[in-house]
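Everything on this sheet refers to the single structure shown next.
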Amino acid sequence: LERDRASSSPSYGGNKALLIGIVVGSVFSLLLGLIFLTPLLIQEKSVEPSNLTPLVSVTKQPTDKPVIKNEAEAKFMPKLKPLRRYRDQLKQGGKGPLMLKLPGGTFKMGSANSLPYHDERPQHEVTLQSFSMSRYEITFEEYDPFAKATGHSLPDDRGWGREKRPVINVN
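Under UniProt numbering, read the sequence shown as residues 1 to 171, first letter to last.
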């Protein structure tokens with residue numbers, strides 16, 4: 001009878017292991033939470049170079065021309081005006097899109113070493129001859145007759161529709 005009572009009495013060894021598991025799991029969860037939340041709670045200071053001089057100051061009053069603070073460092077390029085506007089006569093009849101002939105020139109392409117855009121380096125000078133480009137995007141309505149006349153396949157519109165929408169999936 002004594003044996004039956006001993007075997008039927010509650011065992012505290014199993015509960016003790018369960019309690020230790022809960023405590024260890026809670027501490028582990030708390031540590032993980034601190035590790036992942038600490039960066040969110042700490043506010044990082046903004047890192048801005050102190051040796052930069054602004055090239056253009058912004059005025060509160062609207063103006064047509066920018067106010068240049070440091071004339072020697074500022075490089076202001078006026079708005080380009082097209083050398084010519086024209087529409088080509090098409091062999092199939094009608095006229096092509098409105099074209100603008102733009103002047104050539106030289107500019108610096110790429111990112112300066114002081115800027116963080118490493119994939120745009122090295123900065124180098126590029127010279128372009130005058131060139132023409134369409135004033136507006138070419139639409140499917142304009143591109144499709146060209147593609148048919150030249151034997152090109154019609155580009156997919158990706159379900160957006162054709163007509164007066166800008167043509168996509170061409171190069």
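Yeah, the Cβ is synthetic: ideal placement off N, Cα and C, and Gly gets one too. Here the structure is a predicted model, which is why all the values come from computation and not from measurement.
Runs of alpha helix (DSSP H) wholly within the stretch 96–167 (minimum 4 residues, chain order)
For the alpha helix (DSSP H) assignment, the uninterrupted runs of no fewer than 4 residues enclosed by the stretch 96–167 are, from N- to C-terminal side, 140–150.
Distance, glycine 25 Cα to leucine 32 Cα
Counted from its first residue, the sequence shown places residue 32 at position 32. Counted from its first residue, the sequence shown places residue 25 at position 25. Roughly 11 Å separates the two Cα atoms.
For glycine 93 and leucine 128, which I take to be in contact (beta-carbon distance under 8 Å), what is that distance rounded to the nearest angstrom?
The sequence position of residue 93 within the sequence shown is 93, counting from 1. The sequence position of residue 128 within the sequence shown is 128, counting from 1. The C-beta distance from glycine 93 to leucine 128 rounds to 33 Å, too long to meet the 8 Å contact threshold.
To which residues of the same chain is lysine 164 closer than 7 Å at the C-beta, ignoring the five residues directly before and after it?
Along the sequence shown, read from residue 1 onward, the residue named residue 164 stands at position 164. The residues are Thr139 and Glu141.
In whole angstroms, what is the alpha-carbon distance linking leucine 100 and serine 134?
Taking the sequence shown and counting its residues from 1, one reaches residue 100 at position 100. Taking the sequence shown and counting its residues from 1, one reaches residue 134 at position 134. The alpha-carbon atoms of leucine 100 and serine 134 are separated by roughly 6 Å.
Determine the closest residue to histidine 118 out of Asn171, Gly161 and Gly110, with distance taken between C-alpha atoms.
In the sequence shown, counting from the first residue as 1, residue 118 sits at position 118. Among Asn171, Gly161 and Gly110, the Cα nearest to that of histidine 118 is on Gly110.
On the premise that glutamine 89 lies in contact with lysine 95, defined as a C-beta separation below 8 Å, what is that separation, rounded to the nearest angstrom?
Residue numbering aside, residue 95 sits at position 95 when the sequence shown is read from its first letter. Residue numbering aside, residue 89 sits at position 89 when the sequence shown is read from its first letter. About 6 Å separates the two Cβ atoms, so the contact holds.
Excluding the 5 residues preceding and the 5 following valine 170 in the sequence, name in chain order all residues of the same chain whose CB lies nearer than 8 Å to its CB.
Within the sequence shown, the letter at position 170 stands for residue 170. Within the same chain, valine 170 has close Cβ partners Tyr143 and Pro155.
Going by beta-carbon coordinates alone, are leucine 98 and tyrosine 136 separated by less than 8 Å?
Position 98 of the sequence shown, counting from 1, holds the residue named residue 98. Position 136 of the sequence shown, counting from 1, holds the residue named residue 136. Taking 8 Å as the Cβ cut-off, leucine 98 and tyrosine 136 qualify as a contacting pair.
Out of Leu83, Leu18 and Asn15, which one is the CA nearest neighbour of phenylalanine 131?
Working through the sequence shown from its first residue, we reach residue 131 at position 131. When each option's Cα is compared against that of phenylalanine 131, the closest is Leu83.
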